[in-house]
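In the working numbering, the protein residues as written are 834 to 1276. To keep things clear, I will list the structure first and then write my remarks on it.
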Amino acid sequence: MNSLDQDIWDNILNNLEENINEKSFNTFFKSTKLIELSDNKLSVEVETEFASSFLNKNYAKTLEEIALQIYGKKYNIKFYGKNRKSVNAPPVVESRTNSRDIKLNDRFTFDQFVVGKNNNFAYSAAYGVAENPGIKYNPLFIYGNSGMGKTHLMQAIGHYIQNSSIKKRIVYTTSENFTNQLISAIQTKSGESFRNSFRNVDILLIDDIQFFKRKESSQEEFFSTFNILYDTNKQIVITSDKPPKDLDGIEKRLVSRFEGGLTVDLSIPEYETRVAIVENKIKRDGTRLSRDIIDFICENIVDNIRTLEGAITKLVAYSSFHDIKTEEIEVSLAKDILSSLISKKMESLTLDNIKEKVCEKYGITSKDILSKTKKKNIVFPRQIGMYLSNFLIPQLVLRHIAQYYKRKDHSTVINARRLIQKKMEEDKSFYLEIQRLIENIKY
């Protein structure tokens, strides 16, 4: 299975995610894996036979329609459980204690991770863990929104250790799979085997810890596993969509353990990093896109790396099915092809939206921020407003932003952008403050 095949499935899922609720998507599709792609057949692996039966009955036709819409081709989509012979058999353990057998995505390495201001600290921490597992930053807790690269960074640690000279037993799993295996162990009375599979290891990589929410038995088992590994200096790496303190439905004692290590975030990539991500992917895949198309993608898909890469896959698929070269695609056509990937909120975002959120954040009025006053408590939020206007609505010319804020000319916006960017580089807490404000504006 090559990376382009997997990208095709990921792109179909990106479209599905926009049309079903988040809980359903996370429950049924987050752990799916493409196992076969032929001329007209797309085979997908899921955790259990029950899941495969449910998805074949309720979602296969919908996904086939999405595939037809994206690629102009009719696929027969079929789901299979990991153990195809027996519904009652326990699910196959996703991660093995033999580090050579663990299932890591070949693309999720440090070399393929694009480093920018939004993720430099997280990258450095993950690299430090990979070089000195169990010694530095234990546990390492990585959090961020969906599609920001958490799984990539976690698996990069696994790849690095796997390819090093030191022999370590590595387990990579998800919280959902951990729960499924626990249920199977209870049903088959194989609790001891289950516990050994997670406790007799050197490195435990566990993805999406937030899905332990209100799963008391899973939390109990993981708490004991965590303590045993931590007390014996074994490395633990955890990912989540929220920082520990914001995890709802997770026991306080677990949250306390998480906060006892190093917590790092993956925030929204700035424009330059988005460009680097796109250029990295097209170079890796041997794709050619014009500079205008690269700029269009990076200006209109701002908050999700997975969607950013999915946009390229979609353009490549379109060019293949319509027998045109990717470098010949014009912006007007790209806008139509990628319309489903561009955030509707981003399309409707206005200068008024941004101004209102900035005023609310800093306790000033619209009249204040548009006034001629040079008071610091007004000037600074105004500069933030102009910076965010340029960042979140990049298609706007600077002159229009300046006019909106009743400034003399576009140089005021350039100056504001420079000052805010410099402060974000120098002050981590301010950087996080701006990221939270961006999320508040967008969502």
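Where a beta carbon is used, it is the ideal one built from N, C-alpha and C, also for glycine.
The shortest CA-to-CA distance from Ser997 to any of Tyr960, Glu1009 and Arg1028 is the one to Tyr960. Here Ile1126 is actually not in contact with Val1088; their C-beta atoms are around 44 Å apart, not less than 8 Å. Its chain contains Thr1058, Ile1061 and Leu1062 as the residues whose beta carbon lies nearer than 7 Å to that of Arg1032, once the 5 sequence neighbours on both sides are disregarded; these appear in chain order. Cα atoms of Ile968 and Gly991: separation of roughly 16 Å, rounded to the nearest angstrom.
The C-alpha of Asn848 lies about 20 Å from the C-alpha of Ile1110.
Each residue's CA atom was taken as its position, placing Ser1100 and Leu1171 some 23 Å apart.
Using a Cβ-Cβ distance cut-off of 8 Å, the stretch 1089 to 1099 and the stretch 1066 to 1077 are in contact, since at least three pairs of beta carbons, one from each stretch, lie closer than that value. The way I'd put it, the stretch 939 to 957 doesn't touch the stretch 1027 to 1043; fewer than three beta-carbon pairs between them come closer than 8 Å. Listed in chain order, the non-local C-beta contacts of Glu1160 below 7 Å within the same chain comprise Arg1121, Leu1122 and Ser1123, local neighbours out to five positions each way being set aside. The continuous alpha helix (DSSP H) containing Thr895 extends over residues Ala893 to Tyr904. By the 16-neighbour rule on beta-carbons within 10 angstroms, Gly1218 is buried. With contacts defined as CB atoms closer than 8 Å, Glu1049 and Leu1015 fail to qualify as a contacting pair. Judged by DSSP in its simplified three-state form, Val948 adopts coil rather than helix or strand. Taking one beta carbon from each stretch, the stretch 887 to 901 and the stretch 1131 to 1140 have fewer than 3 pairs nearer than 8 Å; the two do not touch. Restricting attention to Asn844, Glu869, Glu880 and Asn953, the CA atom closest to the CA of Glu1103 is found in Asn953. Put simply, of Thr1106, Gln1254 and Pro972 the residue whose alpha carbon is nearest the alpha carbon of Asp1064 is Pro972.
The three-state secondary structure of Phe974, taken from DSSP, is strand. By the neighbour-count criterion, in which a residue is buried when 16 or more other Cβ atoms sit within 10 angstroms of its Cβ, Lys1147 is buried. The three-state secondary structure of Val1212, taken from DSSP, is helix. DSSP, reduced to helix, strand and coil, places Ile1197 outside both helices and strands of the structure shown, so it counts as coil. In the DSSP assignment, Phe912 is bridged to Val877. Around the beta carbon of Asn965, fewer than 16 other beta carbons lie within 10 angstroms, which makes this residue exposed.
A residue is called buried when at least 16 other Cβ atoms come within 10 angstroms of its Cβ; Gln1052 meets this threshold and is buried. In the DSSP secondary-structure assignment, Thr1007 is bridged to Asp1040. When secondary structure is reduced to three states using DSSP, Asp1242 falls in the coil class, being assigned neither helix nor strand. Beta-bridge pairing by DSSP links Thr1096 to Phe974. Cα atoms of Val1108 and Asp1128: separation of roughly 7 Å, rounded to the nearest angstrom. The residue from Glu851, Glu1105 and Lys936 with its alpha-carbon nearest to that of Ile899 is Glu851. For Ser1030, the uninterrupted alpha helix (DSSP H) segment begins and ends at Gly1024 to Arg1032. Inter-residue distance for Lys1190 and Phe1045 is about 33 Å (C-alpha atoms, whole angstroms). Cα atoms of Lys983 and Thr1206: separation of roughly 43 Å, rounded to the nearest angstrom. Cβ contact annotation for Asn1113 (same chain, cutoff 8 Å, sequence separation greater than five): Gln945 and Val947, in chain order. At a Cβ-Cβ threshold of 8 Å, Leu1225 and Ile1187 count as neighbours. Here Arg1215 is buried. Its C-beta has 16 or more other C-beta atoms within 10 Å.
When rounded, the separation of the alpha-carbon atoms in Lys1000 and Tyr993 is 12 Å. The C-beta of Phe1027 has 16 or more other C-beta atoms within 10 Å across all chains shown, which makes the residue buried.
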